[in-house]
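Chains as they are written, first to last, in our numbering: chain A, 26 to 226; chain B, 176 to 795.
I have placed the structure first, in the form of structure tokens, so that the comments after it can refer back to it.
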């Protein structure tokens, strides 16, 4: 088996920036000299459906799909989607999620219900959870759409790439006029991850 | 205060694609999707013309060619058949040619496809068939490898982005060497997965021009009979090539387990059993049966892993080689590393399969929905109220079949709504009328002939053309109604009203789909009228080519009686609030960031609780 492969699953809802986040992460791994593959299905992504992106990197990557129970990290931009994705998480894996709550119309139909507290359910099952008010933090930083790069900052130390590589990847993948603000968001995420570790320790 | 940001701008998939032009690596190594790689392959192979009709998962190939490599002439055609025929013309004109389509698109183009296999090519001709196992965005999961066999033409099947690029040029060479069109068979996982691609230098193949050859290109019966003989002789040569080509290679790891596989299934095999021996099929028709026989004979156990149908397996077994495949790997849906592991376990070559550590959660579904402010919403609300049969078609509006709108009775293939309605009305006329619903791009693709049938055969149906001026479901491509070509030139916009009148429809009406009452009234009148009529909605897509955003609406909670009428229109901006009525029914709330101000909900709110958000306007 390819034991040196790292698997990261990024999930959210159409329009939340899942694809850009997985582009930046893939670019980072590529700049670090690793083989990288990623996979997502985005035919319906603009219509409010679930979007998930599998990113795998290591010496040699074969399939672009993460098997169940093999994801080292799950990054989620929506709290219920974090809960939905735990099938992919490794035993000691990390989940970093925004507390964002997006209730689909179908949950107003009376047939389905949005869980009262997905984060609490998540924490009851998974040891390593970082949950952030990422929307609020992104807004404070100046743009609600920074949630994706902010959360990449949160998981960055877990993956061991140099900060300069991350920054180069952001510069390469993000539109020039948004680069600076995304670099700030990334640094903020990194800092918040450290704080959250201090709190849980 | 927030900076002004176009919400689509930061995250559009296409924008990301465009950006990769400016960040190309010096060593020519880039991170490309299978579709981006095919586009790059087209450049490197010296393709001169590329034509297609958009269809998931094939769409991004032509988008990438148009955006990144404008030296290649590229175009959207009204449908796959026309795209294919344009391609034939270019090939006979001596140019290397690429046509792309989703699997079901090849059904539309099957007529020219089957006969072009007889005539052979001028310049190299590559047909990309992008299949959709698992039906992520399709109506069936047909396995188009059988089409290549059916037409007796070769197909190549890549298993990653690198091969997707390399195989375009190889396909061109094979096409010219054997005088045959060649299929490049992709699947969703190959098209939409990304990997590192080592790029090469583009070549400039000699343009030879059209060489008149009526015996070869005019398929009257006397010529076609002779060409069928040529096809049979060509097949023998291809058979020999298949045995020799390195596209069908053996990975010898000294194992007594042998795996015969191709496409994405190869990767799933390697994920689970990297140490087995592999016979990887890159050239899938005709199959290298001698090579396969030797491979099987030299292994204690051999398995076939292939996604969808037992295409290899049937031919291998027919050749008297006894190898199992579908016994262990289902022909339904996509394969995955997990499914392949289960198959290996069942076949007794691995002991255990890694399982999920955490139980999956049973949560509410999150089906795709019509966007907030979608101009298709009110016409469906009206049709629901009128309680008529609604034959449907393929596009964003097919989402109206899902709850809570749940108003669509059929969806078969592109353009089928009109024919379906004609037949249904002939045998079972509904007193309230019969409606066919179709989008602008689908109508132009293959709805026009259906409408002509309705006129010709005096059908009493009402055709609703949801004209949003874009091919929205596949991500916003231009079509003959948008006034712009794929390469960004201004062009003639087809006038749908005049077109329908010219076909002989006497009753043609345009309506503003944001005016619910007007939409309801015109549909009610037209549905009752004898003879065919057409109702055309006239508002653009709210997402593309630009976001439509007006002042948002809000719910005055004191006025809301919890009647739930606004929940039933399926707008993602409307949800239940925490406030309850006296009868414990949840009141509605509108997300001001999602609301586009279309006001359709306000028009159906009986207590008039939905009103414009008062100034100052909410910050977006």
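Note that CB positions come from ideal geometry on N, CA and C, so glycine has one too.
Predicted model only: the values in this text are computed from it and were never measured.
For a test of the three-state rule: what should DSSP assign to residue 369/B, helix, strand or coil? strand
Buried or exposed: which applies to residue 581/B, given that a residue is buried once 16 or more other Cβ atoms fall within 10 Å of its Cβ? exposed
Within chain B, the residues that residue 95/A reaches when beta carbons sit closer than 8 Å: 529
Kindly confirm or deny that the segment 140-148 of chain A and the segment 762-770 of chain B touch, where touching means at least three C-beta pairs closer than 8 Å. no
Min CB distance residue 314/B to chain A below 8 Å: Interface criterion not met: the Cβ of residue 314/B is under 8 Å from no Cβ in chain A.
Taking 6 Å as the limit between beta carbons, can you name the residues of its chain near residue 516/B, skipping five residues before and five after? Answer for residue 516/B: 447 and 528, listed in chain order.
Could you please give the first and the last residue of the uninterrupted alpha helix (DSSP H) stretch that includes residue 699/B? 691-703
Counting C-beta neighbours from all protein chains within 10 Å, is the total for residue 359/B 16 or more, i.e. buried, or is it exposed? buried
Got a sec: which bits of the segment 363-374 of chain B sit with their beta carbon under 8 Å from any beta carbon on chain A, in order along the chain? The segment 363-374 of chain B vs chain A, Cβ under 8 Å: 363, 364, 367, 368, 369, 370 and 371.
List the residues of chain A that residue 240/B touches, going by C-beta distances under 9 Å, in chain order. Ordered by position in chain A, no residue passes the 9 Å Cβ test against residue 240/B, which lies about 19 Å from the chain.
Give me whichever residues DSSP pairs with residue 683/B in a beta bridge. 709/B
For residue 757/B, the nearest candidate out of 588/B, 734/B, 486/B and 698/B (CA to CA): 734/B
Pick out the complete beta strand (DSSP E) segments inside the segment 267-346 of chain B, 3 residues or longer, and give them in chain order. For the segment 267-346 of chain B, whole beta strand (DSSP E) runs of length 3 or above, ordered along the chain, are 272-277 and 300-306.
Integer Cβ distance of residue 194/A from residue 49/A, believed to fall under 8 Å: Contact annotation, residue 194/A with residue 49/A: C-beta distance approximately 5 Å; criterion of less than 8 Å satisfied.
Buried/exposed call for residue 356/B, threshold 16 Cβ in 10 Å: buried
Quick one: what's residue 659/B bridged to in DSSP? 665/B
Closest to residue 714/B by CA distance: which of 723/B, 706/B and 707/B is it? 723/B
Sequence ranges, alpha helix (DSSP H) only - wholly within the segment 523-584 of chain B, length at least 4: 552-561
Measuring only the C-alpha atoms, how far is residue 790/B from residue 726/B? 9 Å
Same chain, Cβ closer than 7 Å to residue 406/B, five either side skipped, listed in chain order: Closer than 7 Å at the Cβ level, and outside the excluded window around residue 406/B, lie 292, 293 and 327.
Alpha helix (DSSP H) segment containing residue 756/B, residue limits: Element bounds for residue 756/B: n/a, residue is neither H nor E.
Would you say the segment 410-418 of chain B touches the segment 302-315 of chain B, given that touching needs at least three Cβ pairs under 8 Å? Touching, no.
Within the same chain, show all residues whose beta-carbon is closer than 8 Å to that of residue 185/A, passing over the 5 residues directly before and after it, in chain order. Cβ-Cβ distances below 8 Å link residue 185/A to nothing in the same chain once the five nearest sequence neighbours on each side are left out.
For residue 382/B, which of helix, strand or coil comes out of DSSP? coil
Express the C-alpha separation of residue 353/B and residue 383/B in angstroms, rounding to a whole number. 17 Å
Bridge-paired residues (DSSP) for residue 78/A: 35/A and 65/A
Can you look up residue 416/B in the DSSP assignment and give me helix, strand or coil? Looking at residue 416/B - three-state DSSP - the assignment turns out to be helix.
If distances are taken between C-alpha atoms only, which option among 90/A, 84/A, 99/A and 215/A comes closest to residue 117/A? 99/A
Could you compute how far the alpha carbon of residue 231/B sits from the alpha carbon of residue 349/B? 27 Å
Interface flag, residue 131/A vs chain B, CB-CB below 8 Å: yes
Mind checking if residue 165/A is an interface residue toward chain B, Cβ cutoff 8 Å exclusive? no
For residue 646/B, does the three-state DSSP call read helix, strand or coil? strand
With C-beta atoms as the reference, is residue 568/B less than 8 Å away from residue 640/B? no
Put residue 100/A into one of helix, strand or coil per three-state DSSP. strand
Enumerate in chain order the residues of its own chain whose CB-to-CB distance from residue 441/B is below 6 Å, with the five nearest sequence positions on each side excluded. 334 and 455
Are three or more beta carbon pairs between the segment 335-346 of chain B and the segment 254-263 of chain B nearer than 8 Å? no
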